[in-house]
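Asker:
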Amino acid sequence: MTEKADIRKFIQDLLTSNDDRRPLADDDSLLLSGRLQSIDGVEIVLFLEEHYGIDFAEIGFDRDQIDSIDSIYALSQTTATRT
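Note that my numbering has the sequence shown beginning at 4, numbered continuously upward.
(1) Can you tell me whether Gly44 is helix, strand or coil according to DSSP?
(2) Write down the C-beta distance between Asp73 and Asp30 rounded to the nearest angstrom, noting that I regard them as a contact closer than 8 Å.
(3) Is it buried or exposed, Ile62, if we count other Cβ atoms within 10 angstroms and call 16 or more buried?
(4) Evaluate Ser36 with the Cβ neighbour count: other Cβ atoms within 10 Å of its Cβ, from every protein chain shown; 16 or more gives buried, anything less gives exposed.
(5) In terms of alpha-carbon separation, which member of Thr5, Ile69, Leu27 lies closest to Gln40?
(6) In whole angstroms, what is the alpha-carbon distance linking Leu18 and Ser32?
(7) CB-CB under 6 Å to Thr82, same chain, minus the five flanking residues each way: which ones, in chain order?
(8) Would you kindly check if the distance between the Cβ of Glu52 and the Cβ of Phe59 is under 8 Å?
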């Protein structure tokens with residue numbers, strides 16, 4: 004599975020756990036749209052720290068960074084090029 008596919012699966016699992024089975028495009032808003040809650044944002048941050056070594060204490064946090072699959076993937080790619 005590719006990195007973006009891993010991220011997509013994780014997000015879809017979060018949505019499913021919240022009984023949200025609506026279609027999801029890679030650029031759909033997750034948090035700002037209300038599809039996911041702030042606690043889900045924490046889960047996304049932990050996932051990124053554990054699986055991709057992203058250190059939000061170092062890079063800072065902006066909710067927009069984790070508001071879509073595309074933005075999460077872009078963050079993982081940007082961070083990977085810095086390490």
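We put the beta carbon where it would ideally sit given N, CA and C, even for glycine.
If you're wondering where the values come from, they're calculated on a predicted model, not measured in any experiment.
Answerer: According to the structure shown:
(1) helix
(2) 5 Å
(3) exposed
(4) exposed
(5) Ile69
(6) 12 Å
(7) Ile57
(8) yes
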